[in-house]
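Since the structure comes first, as structure tokens, the remarks are kept for the end.
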Amino acid sequence: MTGRLVTVVDPGPLTTVQDRGRPGWAHLGVPRSGALDQPAASLGNRLVGNEETDAVLEAMVGGLALEVSTAMTAAVTGAHAVVEVDGRRQAFGEPVSVRGGQTLRIAGLHWGLRCYVALAGGVDVPVVLGSRATDTLSGIGPAPLAAGDQLPIGPPRGRPRGSDVDVSAPPPSPVTLRVGRGPRDDWFSGAALETLSRATYTVSADSNRIGLRLDGPALERARVEELPSEGIVLGAVQVPAAGTPLVFLNDHPTTGGYPVLGVVDPHDLPACAQLSPGDRVRLRA
1265 MTGRLVTVVD
1275 PGPLTTVQDR
1285 GRPGWAHLGV
1295 PRSGALDQPA
1305 ASLGNRLVGN
1315 EETDAVLEAM
1325 VGGLALEVST
1335 AMTAAVTGAH
1345 AVVEVDGRRQ
1355 AFGEPVSVRG
1365 GQTLRIAGLH
1375 WGLRCYVALA
1385 GGVDVPVVLG
1395 SRATDTLSGI
1405 GPAPLAAGDQ
1415 LPIGPPRGRP
1425 RGSDVDVSAP
1435 PPSPVTLRVG
1445 RGPRDDWFSG
1455 AALETLSRAT
1465 YTVSADSNRI
1475 GLRLDGPALE
1485 RARVEELPSE
1495 GIVLGAVQVP
1505 AAGTPLVFLN
1515 DHPTTGGYPV
1525 LGVVDPHDLP
1535 ACAQLSPGDR
1545 VRLRA
């Protein structure tokens, strides 16, 4: 490869290429994928002069290190990160200039779980079904990053700009997710709906880009028969056999065989990207 490149020195626990995803392919069994925290990804792109549809890197927990081949502008948004260039502390949530041969590193997080690295020109990997996003469920798109990978970066188009939103405040605890009624809410007892309205759940360590698993009080079923597989949408609150809710995120399957009690308001879904195991969550009608 030649031209504008970044080389992955350390991929961290999990780093993927993400953009706005590939909605519209559920009829073929393809999830939408895309950045879990879309507002953070869009902000990063605006900061470096990209289009908001350009591909960025979604890094979980921190530890990502990238060496750039030539001078370029970067910005880190999302989870509040410690940003360094060749060991020198840099601004979070602002454009950062990185010279050729230098290493941009996410050295740690103050709060949150996923941060976004936008690079002027965007990550220019091949488009698959209209998107450059990594889909961790189906395997469509580029594989999660590994040490030594080289990523092409497109030519810069716009000028870097200052932040246009406040990125300094941590999320509240517990986080409240507003939930509308789902197609199978009649499969649950009145006691279950009362439990859901009062309970505080904790995020399970089994959570990932497919779904946010919650630990807490089980929800009592009014109907116990098998449910034929049916369509699943982003934000669906499904209740598996154990009785505790699962919020489906961007890499969710397109069908499922457990009842969907409700659907999380789309405006609240970005908060799910920043919830770590043990964080507290309330689901409110």
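Per the working numbering, numbering of the sequence shown is gapless, rising by one per residue and ending at 1549.
Backbone N, C-alpha and C define an ideal beta-carbon position, used for all residues, glycine too.
Cβ separation of residue i and residue j, assumed to be a contact under 8 Å, to the nearest whole Å
i: VAL1381; j: VAL1340; result: 6 Å
i: LEU1300; j: ARG1378; result: 6 Å
i: LEU1533; j: GLY1480; result: In fact, because the Cβ distance is near 20 Å, the residues do not count as touching under 8 Å.
i: VAL1545; j: LEU1478; result: 6 Å
i: VAL1524; j: ARG1442; result: Not confirmed; about 16 Å, so no contact.
When the options are compared against residue i, the one with the closest alpha-carbon
i: SER1493; options: ASN1514, GLU1358, ALA1486 and PRO1504; result: PRO1504
i: LEU1583; options: LEU1393, VAL1511 and LEU1415; result: Because residue 1583 is not part of the residues shown, which for the chain are 1265 to 1549, the question remains open.
i: GLY1568; options: ASP1428, VAL1488, VAL1325 and LEU1373; result: With the chain represented from 1265 up to 1549, any question about residue 1568 goes unanswered, as that position is not in the structure.
i: PRO1474; options: ARG1296, GLY1385, ALA1335 and VAL1362; result: Inspection of the sequence shows that residue 1474 is occupied by Ile rather than by Pro. Answer by Cα proximity: ARG1296.
i: ARG1369; options: ALA1469, ARG1546 and VAL1272; result: VAL1272
i: SER1540; options: VAL1439, GLN1302 and ALA1319; result: VAL1439
i: VAL1312; options: GLY1357, LEU1373 and VAL1294; result: GLY1357
i: GLY1444; options: ALA1397, PRO1416 and VAL1501; result: VAL1501
i: HIS1531; options: GLY1288, ALA1304 and TYR1465; result: ALA1304
i: GLY1507; options: GLY1495, THR1459 and GLY1267; result: THR1459
i: ALA1455; options: VAL1467, ASP1413 and ALA1486; result: ALA1486
i: SER1471; options: PRO1275, SER1402, GLY1412 and ASN1514; result: ASN1514
i: PRO1277; options: ALA1345, LEU1409 and ALA1397; result: LEU1409
i: LEU1457; options: VAL1467, GLY1267 and GLY1446; result: GLY1446
i: VAL1488; options: LEU1373, ARG1284, THR1337 and GLY1521; result: GLY1521
i: ALA1495; options: VAL1294, PRO1275 and ASP1274; result: First, the residue type needs correcting, since residue 1495 is Gly and not Ala in the sequence shown. Checking every option, the nearest Cα to that of GLY1495 belongs to VAL1294.
i: ALA1319; options: VAL1349, THR1337, ALA1345 and GLY1285; result: GLY1285
i: GLY1351; options: GLU1315, VAL1497, ALA1371 and ALA1338; result: ALA1371
Buried versus exposed call for residue i [16 or more other C-beta atoms within 10 Å across all chains shown]
i: TRP1259; result: Nothing can be reported for residue 1259: it is not among the residues displayed for the chain, which extend from 1265 to 1549.
i: SER1461; result: exposed
i: GLN1538; result: buried
i: ASP1529; result: exposed
i: GLN1282; result: buried
i: THR1518; result: buried
i: ASP1543; result: buried
i: LEU1395; result: The sequence shown places Ser at residue 1395, rather than the Leu named in the question. SER1395 is buried by the Cβ-count criterion.
i: SER1306; result: buried
i: ALA1343; result: buried
i: ARG1425; result: exposed
i: ALA1384; result: buried
i: LEU1510; result: buried
i: THR1317; result: exposed
i: MET1265; result: At MET1265 the pLDDT is 48, less than 50, meaning the model places this residue with poor confidence and gives no usable figure here.
i: HIS1516; result: buried
i: GLY1403; result: exposed
i: GLY1288; result: exposed
i: GLN1302; result: buried
i: PRO1275; result: buried
N-terminal and C-terminal residue of the alpha helix (DSSP H) that residue i is part of
i: ARG1462; result: 1454-1462
i: GLY1308; result: 1302-1311
i: PRO1534; result: 1533-1536
Where the beta strand (DSSP E) through residue i begins and ends
i: HIS1344; result: 1336-1349
i: SER1560; result: Nothing about residue 1560 can be reported from this structure: the residues present for the chain run from 1265 to 1549 only.
i: TYR1522; result: Looking at the DSSP string, TYR1522 is not in any beta strand (DSSP E), and its letter there is neither H nor E.
i: ILE1370; result: 1367-1383
i: ARG1396; result: Per DSSP, ARG1396 belongs to no beta strand (DSSP E) and is neither H nor E.
i: GLY1274; result: Going by the sequence as given, residue 1274 is Asp instead of Gly. Unbroken beta strand (DSSP E) run through ASP1274: 1269-1274.
Practice item. For the region 1312-1327 and the region 1430-1444, state whether three or more C-beta atom pairs, one from each stretch, are separated by less than 8 Å. Key: Too few Cβ pairs lie closer than 8 Å, so no.
Exercise for review: Flag this pair as touching only if the region 1358-1369 and the region 1328-1339 have three or more C-beta atom pairs under 8 Å; answer yes or no.
Suggested key: These segments touch.
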